[in-house]
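Chains A and B, in that order, give the protein sequences.
The first sequence begins at 26 in the working numbering and counts up one residue at a time.
The second sequence begins at 26 in the working numbering and counts up one residue at a time.
Please read the structure below before turning to the comments.
Protein chains: 2
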Amino acid sequence: MGILAGMRVVESSAFVAVPLAGMTLAQMGADVIRFDLPQGGLDYTRWPVTRTGQSLFWAGLNKGKRSIAIDVKSPRGREIAQQIICADGPDAGLFITNLAVAGWTDHATLAAHRADICTVTLRGDRHGRPAVDYTVNPAVGFPSVTGPEDSRDPVAHALPAWDCIAGNMVVSGLLATERHRLRSGTGQAVDLTLKDVAAAMLGHLGIIGEVQINKTRREKAGNALYGAYGQDFICADGRRIMVVGLTKRQWKNLLAVTGMAEAAGALAQALGVDLADEGARWTARHAITALLAPWFAARRVADFADMFDRAGVTWSVFRTFEDALADDPDLSTDNPIFDTVTQPGIGSYLTPGLPFSFTRTPREAPAPAPLIGQHTEAILSDIARLPDTEIAALFDAGIVAQPSKSDLKLAS
Amino acid sequence: MGILAGMRVVESSAFVAVPLAGMTLAQMGADVIRFDLPQGGLDYTRWPVTRTGQSLFWAGLNKGKRSIAIDVKSPRGREIAQQIICADGPDAGLFITNLAVAGWTDHATLAAHRADICTVTLRGDRHGRPAVDYTVNPAVGFPSVTGPEDSRDPVAHALPAWDCIAGNMVVSGLLATERHRLRSGTGQAVDLTLKDVAAAMLGHLGIIGEVQINKTRREKAGNALYGAYGQDFICADGRRIMVVGLTKRQWKNLLAVTGMAEAAGALAQALGVDLADEGARWTARHAITALLAPWFAARRVADFADMFDRAGVTWSVFRTFEDALADDPDLSTDNPIFDTVTQPGIGSYLTPGLPFSFTRTPREAPAPAPLIGQHTEAILSDIARLPDTEIAALFDAGIVAQPSKSDLKLAS
Chain A
26 MGILAGMRVV
36 ESSAFVAVPL
46 AGMTLAQMGA
56 DVIRFDLPQG
66 GLDYTRWPVT
76 RTGQSLFWAG
86 LNKGKRSIAI
96 DVKSPRGREI
106 AQQIICADGP
116 DAGLFITNLA
126 VAGWTDHATL
136 AAHRADICTV
146 TLRGDRHGRP
156 AVDYTVNPAV
166 GFPSVTGPED
176 SRDPVAHALP
186 AWDCIAGNMV
196 VSGLLATERH
206 RLRSGTGQAV
216 DLTLKDVAAA
226 MLGHLGIIGE
236 VQINKTRREK
246 AGNALYGAYG
256 QDFICADGRR
266 IMVVGLTKRQ
276 WKNLLAVTGM
286 AEAAGALAQA
296 LGVDLADEGA
306 RWTARHAITA
316 LLAPWFAARR
326 VADFADMFDR
336 AGVTWSVFRT
346 FEDALADDPD
356 LSTDNPIFDT
366 VTQPGIGSYL
376 TPGLPFSFTR
386 TPREAPAPAP
396 LIGQHTEAIL
406 SDIARLPDTE
416 IAALFDAGIV
426 AQPSKSDLKL
436 AS
Chain B
26 MGILAGMRVV
36 ESSAFVAVPL
46 AGMTLAQMGA
56 DVIRFDLPQG
66 GLDYTRWPVT
76 RTGQSLFWAG
86 LNKGKRSIAI
96 DVKSPRGREI
106 AQQIICADGP
116 DAGLFITNLA
126 VAGWTDHATL
136 AAHRADICTV
146 TLRGDRHGRP
156 AVDYTVNPAV
166 GFPSVTGPED
176 SRDPVAHALP
186 AWDCIAGNMV
196 VSGLLATERH
206 RLRSGTGQAV
216 DLTLKDVAAA
226 MLGHLGIIGE
236 VQINKTRREK
246 AGNALYGAYG
256 QDFICADGRR
266 IMVVGLTKRQ
276 WKNLLAVTGM
286 AEAAGALAQA
296 LGVDLADEGA
306 RWTARHAITA
316 LLAPWFAARR
326 VADFADMFDR
336 AGVTWSVFRT
346 FEDALADDPD
356 LSTDNPIFDT
366 VTQPGIGSYL
376 TPGLPFSFTR
386 TPREAPAPAP
396 LIGQHTEAIL
406 SDIARLPDTE
416 IAALFDAGIV
426 AQPSKSDLKL
436 AS
């Protein structure tokens, strides 16, 4: 029983953010129902895909949900979908989407079916234009400060960070709204745009102040930690590591373990700065790096790894995804957030559950993503409360669908 | 009245994630109280700073909170802090931290004061080692796939994405736990690590499946959109833009507006692929880019911007932070999430409020960050319920502090 057991959320979504929100709610124990077109939606074949074309992306972002395959382009399909979204129960009537359509899943339409419906809608930008992580990120400026110091070209992040942030905000927006409904009796429409998530973060991180108050231009700084000391180094074995001297303690530990305290003192004196001040470490970072680089160049990671850990140095190696999965026990079933899960059509592989641990609600093993329409019959019967004869007629008319009996059997 | 009005959360934190969580809760209307050391904590002078050394970073991440300056290194300071964390009220007894200390802010200690206390603790990794965004990101592999195709060197993101994601997860973890407490009467300890947040995301995004099922290696792809079509181009005015053809509609719109439908058809025929398939667009991306590049090279952004918007093309320009703030109305008070706020000691500048809009709980203007200890007296009196004589004695003993009268006057 997850911490949200009893809550029901309906999702109409594609791509990263809202699917991630629904998956997070499902891994917290909510009953999350997603509408799928019988042939799959916009992101059903999104890369990465297996050699047989199954989307590892879709499987990853829809774990633990239930799926009803329903043709929401048909009027009857829409009516049934609205019934499901607006089904009664104090812990239901919650809807998240990035595919809101006026006249059928907008808040006003749904509120005619259930007055206290809560909807959270993620859009591209506040003007109603489409936007994705790949367009929002260049627009707000992060690629201009990413990449090597000597490069002029902008570098976009590979992690769809704004999607991941926005998805988690959809979760908190929904929980806050449901909390408010419980106290006030009123539901509401919550709107959020991907662009605004990024725009707001520029302010939260102090970047707007830097431009408007300091009138300075942030430069590219390679892999250096901005504003204090943190740098990547190449070791004798060719491996690259990152070390961090952000806090006074981290800085002291780093100097102690590399035997550089005295040399750093001499450097500080030569430069006329106090390296106990984090800003001074940032300004002097190239000189500090020059001091430390030979130390790392003369040693293999294995020569200092244990020593660094014992000394409380904040550091890590750079890995590829392949190396991380091969070498890091945190990316294995040694880590209780992971389990090996069999995803029908794909196979068995390492699968993350919820990264939270709650002391009173035991950890649940991650569940696979549903087959498209795996739960069509149960949802029509238990939630839309349709009689069996009508359910049969809907299947016959092609308004709803489910996997073949053999696929269903394999998945259950 | 924000959507969380009435809720009280106490925060002991530094750096990005947990301060961001508290700030988000405060912007949703919760009364968020942060403990500050009288001289400021670990991140009180974190860059970017103004010329006079005021942290724009700290101001950005602590907006709308209340601050009590209290020496939590003294036994009496800790007792009072525990009283404040564990003060009664059904909507209080909520604590978030990344600085948990055994014996004074761990869950078991706090639960002795208030049995239903809910705590959310963010740590570095599950082994108790410190970790920051700058070490977690290289460890899980994203820098290895970031940056130009021809580069071998890993590139770290400049946005502290894992911190931003984890901070928003702290918000949802707290709201889920408070919801559970309301129904069960029991509080609990919630734990989350920055490393696990990143490790889990590898799985959610399909990257673990790519390694373990496909046994393929993800390569760097510059600024290309992974898995479909999306690319940056240089225009005749020297500006760089990003265009996206992720969905069928986006792809069709892009070809239509650039007049490339026929040429793309010939290209598809020549390559023997169906470019209506997003994976085929990814595989053929270099050829598609070669087709489109001359079109952009011959045009200034102003030549096609309106046309692209009217045609529903998903695109954006690349900007620096400075350009974004100078040129983009979404980063100005035209956007209702922003306001001009005066931050004492820093000045007036564009400041983001909550990016959500809620139909039933009106938008509130963003508030500045507190001065260290701005609310010491009120919190000791109203929440710790200490008599005036004892409050005076605590000030005399230096266990609590507040700004000078003139600073307080300026801030209020």
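Glycine included, C-beta positions come from ideal geometry on N, C-alpha and C.
Fair warning: this is a prediction, and the values are worked out from it, not measured in the lab.
Check                                                                                                                               : Outcome
Runs of alpha helix (DSSP H) lying entirely within the region 164–246 of chain B, each at least 4 residues, in chain order          : 186–209, 219–229
Boundaries (first-last residue) of the alpha helix (DSSP H) holding E347/B                                                          : 346–352
Within-8 angstroms CB hit, A201/B to chain A                                                                                        : yes
Alpha-carbon spacing of V145/B relative to Q213/A, whole angstroms                                                                  : 28 angstroms
Residue span of the alpha helix (DSSP H) that contains S431/A, given as start and end                                               : 430–436
Sequence-distant residues of the same chain with beta carbon closer than 7 angstroms to T211/B, five excluded per side              : D141
Those residues which DSSP pairs with V338/A across a bridge                                                                         : For V338/A, which the question treats as bridged, DSSP gives no partner whatsoever.
Simplified DSSP state of G47/B, which is helix, strand or coil                                                                      : helix
Own chain partners of G128/B with C-beta closer than 7 angstroms, once the 5 adjacent residues on each side are dropped             : T134
Nonlocal neighbours in the same chain, by C-beta distance under 8 angstroms from H400/A, ignoring five residues either side         : I58, R91, S92, I93
is_contact[E439/A, chain B] using C-beta, thresh 8 angstroms                                                                        : The structure shown does not extend to residue 439/A, since chain A is modelled only from 26 through 437, so no value can be given for it.
Contact set between Q107/B and chain A, taken where Cβ atoms lie within less than 9 angstroms                                       : Within chain A, no residue comes near Q107/B; the closest Cβ sits about 19 angstroms away, beyond 9 angstroms.
E203/A vs L119/A beta-carbon contact at 8 angstroms                                                                                 : yes
Proximity to I110/B [Cα-Cα], best of W72/B, R148/B, R154/B, E36/B                                                                   : E36/B
Limits of the beta strand (DSSP E) - the one that P58/A falls within                                                                : The sequence shown places Ile at residue 58/A, rather than the Pro named in the question. That run of the beta strand (DSSP E) goes 56–61.
For T146/A: DSSP bridge partner residues                                                                                            : T122/A, D216/A
Candidates A30/A, I362/A, D257/A: closest to T160/B by CA position                                                                  : D257/A
Rounded distance between the beta-carbons of G255/A and G270/A, thought under 8 angstroms                                           : 7 angstroms
Chain B within 8 angstroms of P63/A, Cβ atoms only                                                                                  : no
Members of the region 334–356 of chain B that neighbour chain A once the beta carbon cut-off is set at 8 angstroms                  : D334, G337, T339, W340, S341, V342, F343, R344, T345, F346, E347, D348, A349, L350, D353, D355, L356
Completely contained alpha helix (DSSP H) runs for the region 77–111 of chain B, where each covers 4 or more residues               : 81–86, 100–110
Local conformation of Q52/A per DSSP, three classes                                                                                 : helix
Residues, ordered as in the chain, of the region 295–317 of chain B that lie near chain A by beta-carbon distance below 9 angstroms : D302, E303, G304, W307
Where the alpha helix (DSSP H) through L280/B begins and ends                                                                       : 273–283
Three-state secondary structure (DSSP) of Y69/B                                                                                     : coil
Minimum C-alpha distance to A39/B - residue among T130/B, A55/B, L67/B, R33/B                                                       : L67/B
Neighbourhood of V41/A by C-beta distance below 8 angstroms, restricted to the same chain and skipping five residues each side      : L86, D158, P185, D188, C189, G192
Terminal residues of the alpha helix (DSSP H) in which T314/A lies                                                                  : 310–322
Within 8 angstroms, strictly: CB atoms of V195/A and L147/A                                                                         : yes
Within chain B, partners of R22/A - CB distance below 9 angstroms                                                                   : Outside the displayed span of chain A (26 to 437) sits residue 22/A, for which this structure offers no information.
M26/A at chain B interface by Cβ criterion, 8 angstroms                                                                             : no
Beta bridge counterpart(s) of I259/B as assigned by DSSP                                                                            : R265/B
Expected contact under 8 angstroms - CB spacing of K98/B and A51/B to nearest Å                                                     : 26 angstroms between Cβ atoms; not a contact.
Proximity test, Cβ basis, 8 angstroms: T122/B and chain A                                                                           : no
Beta-carbon proximity of A336/A to V268/A, cut-off 8 angstroms                                                                      : no
Straight-line Cα distance separating R410/B from D56/A                                                                              : 43 angstroms
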